[in-house]
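Undergrad: The listed protein sequences derive, respectively, from chains H and F. Just add 328 to wherever you are in the first sequence, counting from 1, and you've got my numbering. Just add 328 to wherever you are in the second sequence, counting from 1, and you've got my numbering.
Protein chains: 2
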Amino acid sequence: MHANIRRLMLAITLVQGFAWQPALAESGKAVPAPNGITLPADFADWRLIAPSYRTDKHHVRAILGNDLAIKAAREGRTTPWPDGAMLAKLAWKEQANERFPTALEPAAFVQVEVMLKDSKRYKDTAGWGYARWLGKDLKPYGQDAGFVQECHGCHTPVADRDFVFTSPVRLP
Amino acid sequence: MHANIRRLMLAITLVQGFAWQPALAESGKAVPAPNGITLPADFADWRLIAPSYRTDKHHVRAILGNDLAIKAAREGRTTPWPDGAMLAKLAWKEQANERFPTALEPAAFVQVEVMLKDSKRYKDTAGWGYARWLGKDLKPYGQDAGFVQECHGCHTPVADRDFVFTSPVRLP
Numbered sequence: 329m330h331a332n333i334r335r336l337m338l339a340i341t342l343v344q345g346f347a348w349q350p351a352l353a354e355s356g357k358a359v360p361a362p363n364g365i366t367l368p369a370d371f372a373d374w375r376l377i378a379p380s381y382r383t384d385k386h387h388v389r390a391i392l393g394n395d396l397a398i399k400a401a402r403e404g405r406t407t408p409w410p411d412g413a414m415l416a417k418l419a420w421k422e423q424a425n426e427r428f429p430t431a432l433e434p435a436a437f438v439q440v441e442v443m444l445k446d447s448k449r450y451k452d453t454a455g456w457g458y459a460r461w462l463g464k465d466l467k468p469y470g471q472d473a474g475f476v477q478e479c480h481g482c483h484t485p486v487a488d489r490d491f492v493f494t495s496p497v498r499l500p
Numbered sequence: 329m330h331a332n333i334r335r336l337m338l339a340i341t342l343v344q345g346f347a348w349q350p351a352l353a354e355s356g357k358a359v360p361a362p363n364g365i366t367l368p369a370d371f372a373d374w375r376l377i378a379p380s381y382r383t384d385k386h387h388v389r390a391i392l393g394n395d396l397a398i399k400a401a402r403e404g405r406t407t408p409w410p411d412g413a414m415l416a417k418l419a420w421k422e423q424a425n426e427r428f429p430t431a432l433e434p435a436a437f438v439q440v441e442v443m444l445k446d447s448k449r450y451k452d453t454a455g456w457g458y459a460r461w462l463g464k465d466l467k468p469y470g471q472d473a474g475f476v477q478e479c480h481g482c483h484t485p486v487a488d489r490d491f492v493f494t495s496p497v498r499l500p
């Protein structure tokens with residue numbers, strides 16, 4: 329009986345080990361933002377919307393999109409983006425590649441910021457839910473749900489682009 | 329009979345329209361490189377290895393990896409990278425976002441460069457096959473297969489990193 333239980337536990341451990349995916353398991357640990365938005369466990373697997381570089385903050389960045397966002401971007405349906413589209417902007421501090429100093433590459437992870445389109449749920453902010461997680465501990469940004477006014481305020485200059493600054497790349 | 333043919337052609341057109349995916353269909357058109365390497369039709373769907381910025385060329389860039397490369401990167405198996413791993417470095421000219429000028433974003437597409445690990449096939453260049461396609465027409469780079477010596481020469485300073493400059497990002 330004990331041997332059977334031990335065998336069963338070993339089997340469970342093996343199955344868990346087999347299913348384990350580093351980026352997924354780790355991002356799944358993020359605490360939800362104060363407005364209830366959760367960081368999808370698979371955001372590191374999303375596809376490319378665009379890379380970018382911030383001259384003021386010295387960040388190298390990548391904007392990724394979930395399947396719905398990528399489909400909408402490729403079909404040119406981004407004014408407005410469809411409900412369910414989700415964008416994640418990943419930022420790292422820059423560092424010059426030590427063997428190729430004119431290439432600035434990711435150093436410390438700074439943050440991941442999310443925009444989630446749900447025209448009913450986020451009616452007060454033009455259909456967009458916002459969230460931000462800071463540093464490698466993915467600390468949720470904001471004291472309470474009011475933090476989204478700050479996000480939305482900064483995005484208001486691009487209201488005519490459905491509040492998204494980035495133009496998705498079109499690959500040949 | 330004519331009506332039937334017309335209906336059949338309409339049906340074919342609809343099926344083609346339904347299956348059409350801009351990035352995939354278009355990248356599938358690239359002519360193979362002079363050394364026979366083909367640009368995988370799905371490279372725009374690969375996942376993120378790292379974004380980067382080139383201060384000398386004023387390019388924003390993204391390095392993507394096929395499934396095998398992403399798995400190897402996440403498991404830290406990159407010295408050496410496993411056979412079958414493929415990396416694609418996408419480069420665009422920079423342009424300042426007109427509503428947020430400190431954000432440099434992709435403008436015209438410059439090129440996609442590929443490294444493909446096959447330790448038997450590319451024994452002469454330390455197991456790596458190289459290729460580059462230029463511009464939105466994806467014009468293959470190089471007059472003949474000898475162009476790879478130029479690629480490999482530039483990557484030799486990072487021989488101890490299995491000839492890859494970029495460090496894959498580790499997301500929290």
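Yeah, the Cβ is synthetic: ideal placement off N, Cα and C, and Gly gets one too. Being a predicted model, the structure only gives us computed values, none of them experimental.
(1) Mind pulling the beta strand (DSSP E) runs of 3 or more residues that sit fully within the region 416-491 of chain F?
(2) Roughly how many angstroms lie between the CA atoms of ASN363 (chain F) and LYS417 (chain F), to the nearest whole one?
(3) Measure the alpha-carbon distance for ALA413 (chain F) versus LYS445 (chain F) and round it to whole angstroms.
(4) Anyone know if the C-beta pair for ALA487 (chain F) and ALA454 (chain F) falls short of 9 Å?
(5) Quick one, are the C-beta atoms of ALA372 (chain F) and ALA390 (chain H) less than 9 Å apart?
(6) Is the Cβ-Cβ distance between VAL438 (chain F) and GLY463 (chain F) less than 9 Å?
(7) Are the region 418-434 of chain F and the region 384-403 of chain F touching by the rule of at least three beta carbon pairs closer than 8 Å?
(8) Who does SER380 (chain F) pair with in a DSSP beta bridge?
(9) Measuring alpha carbon to alpha carbon, tell me which residue in H:ARG489, H:GLY404, H:ALA378 and H:ASP465 is nearest GLY393 (chain H).
(10) If you measure from the beta carbon of ALA378 (chain F) to each beta carbon in chain H, is any gap under 9 Å?
(11) I'd like to know if TRP409 (chain F) contacts chain H, where contact means its C-beta is closer than 9 Å to some C-beta of that chain.
(12) Out of F:LEU367, F:PHE428 and F:LYS357, point me to the one whose CA is closest to MET443 (chain F)'s CA.
(13) Indicate whether at least one CB of chain F lies closer than 9 Å to the CB of PRO368 (chain H).
(14) Identify each residue in the region 429-446 of chain F for which the Cβ-Cβ distance to at least one residue of chain H is less than 9 Å, and report them in chain order.
(15) Quick one: grab the DSSP three-state call for ARG498 (chain F).
(16) Using a Cβ cut-off of 9 Å (strictly closer), state whether LYS464 (chain F) contacts chain H.
(17) Just by C-beta distance, which residues in the region 470-490 of chain H are closer than 7 Å to chain F?
(18) By the DSSP assignment, the alpha helix (DSSP H) with ILE398 (chain H) in it spans what residues?
(19) Tell me, which residues are paired with ARG375 (chain F) by DSSP?
(20) From ASP490 (chain F) to ALA473 (chain H), what distance separates their C-alpha atoms?
(21) Listing by chain order, which chain F residues have their CB less than 9 Å from the CB of TRP501 (chain H)?
(22) Please report the distance separating the alpha-carbon of ALA369 (chain H) from that of ARG375 (chain H).
(23) Taking Cβ-Cβ distances shorter than 8 Å, what residues in chain F pair up with VAL359 (chain H)?
(24) Hey, does PRO468 (chain H) have any beta-carbon neighbour from chain F nearer than 9 Å?
(25) Thinking just about the alpha-carbon of each residue, which of H:SER380, H:GLY404 and H:THR484 is nearest to the one in ARG498 (chain H)?
(26) Of all the options F:LEU466, F:VAL492 and F:ASP465, which has the alpha carbon lying nearest to the alpha carbon of TRP456 (chain F)?
(27) May I ask whether a heavy atom of the ligand ZN can be found less than 8 Å away from the beta carbon of ARG402 (chain F)?
(28) With a cut-off of 9 Å, does the C-beta of ASP373 (chain F) fall near any C-beta of chain H?
(29) Using a threshold of 9 Å, state whether the C-beta atoms of ALA397 (chain H) and LEU415 (chain H) are closer than that.
(30) Do the CB positions of SER447 (chain H) and ASP411 (chain H) come within less than 9 Å of each other?
(31) In whole angstroms, what separates the C-alpha of PRO350 (chain F) from that of HIS483 (chain H)?
(32) Quick one: is THR453 (chain H) near chain F, going by C-beta distance under 9 Å?
(33) Could you tell me the distance, in whole angstroms, from the CA atom of GLU478 (chain F) to the CA atom of ARG460 (chain F)?
(34) Decide if VAL440 (chain F) is buried, meaning its Cβ has at least 16 other Cβ atoms within 10 Å, or exposed.
(35) Check GLN349 (chain F) in the structure and name its three-state DSSP category.
TA: The relevant details are as follows:
(1) 428-445 and 456-462
(2) As a working note, residue 363 (chain F) is residue 35 in the second sequence. As a working note, residue 417 (chain F) is residue 89 in the second sequence. Going by the C-alpha atoms only, they are around 18 Å apart.
(3) Position 85 of the second sequence, counting from 1, holds the residue named residue 413 (chain F). Position 117 of the second sequence, counting from 1, holds the residue named residue 445 (chain F). Those two C-alpha atoms are separated by around 5 Å.
(4) As a position in the second sequence, residue 487 (chain F) is number 159, starting the count at 1. As a position in the second sequence, residue 454 (chain F) is number 126, starting the count at 1. Yes, the Cβ-Cβ distance between ALA487 (chain F) and ALA454 (chain F) is below 9 Å.
(5) Residue mapping note: residue 372 (chain F) aligns to position 44 of the second sequence, counting from 1. Residue mapping note: residue 390 (chain H) aligns to position 62 of the first sequence, counting from 1. Result no, Cβ atoms of ALA372 (chain F) and ALA390 (chain H) do not sit closer than 9 Å.
(6) By one-based count along the second sequence, residue 438 (chain F) stands at place 110. By one-based count along the second sequence, residue 463 (chain F) stands at place 135. Yes, they are a contact pair.
(7) yes
(8) Here residue 380 (chain F) refers to the residue found at position 52 of the second sequence. Answer by DSSP bridge pairing, in chain order: F:ARG389.
(9) As a position in the first sequence, residue 393 (chain H) is number 65, starting the count at 1. Cα-wise, what sits closest to GLY393 (chain H) is H:ALA378.
(10) Indexing the second sequence from 1 puts residue 378 (chain F) at position 50. Answer yes: the Cβ-Cβ gap between ALA378 (chain F) and chain H drops below 9 Å somewhere.
(11) Taking the first residue of the second sequence as position 1, residue 409 (chain F) is located at position 81. No, because no Cβ of chain H sits closer than 9 Å to the Cβ of TRP409 (chain F).
(12) Translated into positions along the second sequence, residue 443 (chain F) becomes position 115. Looking at the Cα atoms, F:LEU367 is the closest of the given residues.
(13) On the first sequence, residue 368 (chain H) is found 40 positions in, with the first residue counted as 1. No, no contact with chain F.
(14) PRO429, THR430, ALA431, LEU432, GLU433, PRO434, PHE437 and VAL440
(15) Here the question's residue 498 (chain F) lines up with position 170 in the second sequence. Coil.
(16) Your numbering for residue 464 (chain F) matches position 136 in the second sequence. Yes, LYS464 (chain F) counts as interfacial toward chain H.
(17) PRO485 and VAL486
(18) Sequence index remark: in the first sequence, residue 398 (chain H) carries index 70 (1-based). Note, ILE398 (chain H): alpha helix (DSSP H), 395-402.
(19) Numbered from its first residue, the second sequence carries residue 375 (chain F) at position 47. According to DSSP, which records beta bridges pairwise, ARG375 (chain F) is partnered with F:GLY393.
(20) Taking the first residue of the second sequence as 1, we reach residue 490 (chain F) at position 162. Taking the first residue of the first sequence as 1, we reach residue 473 (chain H) at position 145. One C-alpha to the other measures close to 47 Å.
(21) Because chain H is modelled from 329 through 500, residue 501 (chain H) falls outside the range shown and cannot be assessed.
(22) By one-based count along the first sequence, residue 369 (chain H) stands at place 41. By one-based count along the first sequence, residue 375 (chain H) stands at place 47. Rounded to whole angstroms, ALA369 (chain H) to ARG375 (chain H) spans 14 Å at the Cα level.
(23) For the purposes of this step, residue 359 (chain H) is taken as residue 31 along the first sequence, with counting starting at 1. Result: empty, since nearest Cβ-Cβ is about 12 Å, beyond 8 Å.
(24) Your numbering for residue 468 (chain H) matches position 140 in the first sequence. Not one chain F Cβ lies under 9 Å of PRO468 (chain H).
(25) Against the first sequence, residue 498 (chain H) aligns to sequence position 170. When each option's Cα is compared against that of ARG498 (chain H), the closest is H:GLY404.
(26) Counting from one through the second sequence, the residue named residue 456 (chain F) turns up at place 128. Minimum Cα distance to TRP456 (chain F) is reached at F:VAL492.
(27) With respect to small molecules bound, the structure shown includes none, and the ligand ZN cannot be examined in it.
(28) By 1-based counting over the second sequence, the position of residue 373 (chain F) is 45. It does: the Cβ of ASP373 (chain F) has a partner Cβ on chain H nearer than 9 Å.
(29) Here residue 397 (chain H) refers to the residue found at position 69 when the first sequence is read from its first residue. Here residue 415 (chain H) refers to the residue found at position 87 when the first sequence is read from its first residue. Cβ distance < 9 Å, so ALA397 (chain H) and LEU415 (chain H) count as in contact.
(30) If you number the first sequence from 1, residue 447 (chain H) lands on position 119. If you number the first sequence from 1, residue 411 (chain H) lands on position 83. In this structure, ASP411 (chain H) lies closer than 9 Å to SER447 (chain H) by Cβ.
(31) Within the second sequence, residue 350 (chain F) is the residue found at index 22, counting from 1. Within the first sequence, residue 483 (chain H) is the residue found at index 155, counting from 1. Low confidence applies to PRO350 (chain F): its pLDDT is 36, below 50, so where it sits in the model is not reliable, and the reading given next is rough at best. Rounded to the nearest angstrom, the two C-alpha atoms are 28 Å apart.
(32) Counting from 1 along the first sequence, the entry for residue 453 (chain H) is found at position 125. So no, THR453 (chain H) is outside the interface.
(33) On the second sequence, residue 478 (chain F) is found 150 positions in, with the first residue counted as 1. On the second sequence, residue 460 (chain F) is found 132 positions in, with the first residue counted as 1. Roughly 12 Å between the two C-alpha positions.
(34) For the purposes of this step, residue 440 (chain F) is identified with residue 112 of the second sequence, where counting begins at 1. When all chains shown are included, VAL440 (chain F) counts as buried.
(35) For the purposes of this step, residue 349 (chain F) is identified with residue 21 of the second sequence, where counting begins at 1. In this predicted model, GLN349 (chain F) has a pLDDT of only 35, less than 50, meaning its place in the structure is not dependable; the value taken from the coordinates is given anyway. GLN349 (chain F): coil per DSSP, three-state reduction.
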